[in-house]
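J.: The structure is given below, and queries will be raised subsequently.
Numbering (the numbering used here), first residue to last: 168 to 259.
Structural data, given as structure tokens:
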């Protein structure tokens with residue numbers, strides 16, 4: 168089996184999630200994680216040792232809930248298609 172090469176542009180777009188600005192944040196509301204789509208999360212992304220847990224969108228603004236550690240952030244949702252893409256989409 169040959170080695171597959173990553174599509175550098177697609178990988179860079181995915182990694183761009185790490186620099187997405189937080190538009191608002193608040194302490195993790197224990198016992199209410201399901202209200203934000205964080206229990207279970209819709210998607211989990213690990214960047215090195217940091218776990219990013221993506222929840223649902225806030226109904227009025229359309230911003231996505233993102234849990235990092237003990238904080239919930241609201242971020243823009245323009246990257247969702249990268250998170251739901253199959254692994255093959257990141258190959259040349």
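Every residue, glycine too, gets a C-beta built ideally from N, C-alpha and C.
State the start and end residues of the unbroken beta strand (DSSP E) segment that holds residue 219.
T.: The residue given as residue 219 occupies position 52 in the chain shown. Residue 219 -> beta strand (DSSP E) spans 217-224.
J.: Based on the DSSP output, what are the partners of residue 239 in its beta bridges?
T.: For the purposes of this step, residue 239 is identified with residue 72 of the chain shown, where counting begins at 1. 193, 234.
J.: What's the call for residue 222, buried or exposed, on a 16-neighbour Cβ count within 10 Å?
T.: Here residue 222 refers to the residue found at position 55 of the chain shown. With 16 or more other Cβ atoms within 10 Å, it is buried.
J.: Measure the C-alpha to C-alpha separation of residue 177 and residue 211 and round it to an integer number of angstroms.
T.: Along the chain shown, one-based indexing puts residue 177 at 10. Along the chain shown, one-based indexing puts residue 211 at 44. Each residue's Cα considered, the two are about 18 Å apart.
J.: Thinking residue 230 and residue 181 are a contact (beta carbons under 8 Å), I'd like their distance in whole angstroms, please.
T.: The residue given as residue 230 occupies position 63 in the chain shown. The residue given as residue 181 occupies position 14 in the chain shown. About 19 Å separates the two Cβ atoms, so there is no contact after all.
J.: Among 170, 186, 173, 174, whose alpha-carbon lies nearest the alpha-carbon of residue 240?
T.: Locating residue 240 in the chain shown gives position 73, counting from the first residue. Looking at the Cα atoms, 186 is the closest of the given residues.
J.: Have a look at residue 245 and residue 170 and give me their C-alpha separation to the nearest angstrom.
T.: Here residue 245 refers to the residue found at position 78 of the chain shown. Here residue 170 refers to the residue found at position 3 of the chain shown. If you take the alpha carbons of residue 245 and residue 170, they lie about 31 Å apart.
J.: Go to residue 214, then tell me how far its beta strand (DSSP E) extends in each direction, as first and last residue.
T.: Position 47 of the chain shown holds residue 214. From DSSP, the beta strand (DSSP E) with residue 214 extends over 210-214.
J.: Between the C-alpha atoms of residue 242 and residue 184, what's the straight-line distance to the nearest angstrom?
T.: To locate residue 242, count along the chain shown from 1; it is residue 75. To locate residue 184, count along the chain shown from 1; it is residue 17. Taking the straight line joining both Cα atoms gives about 10 Å.
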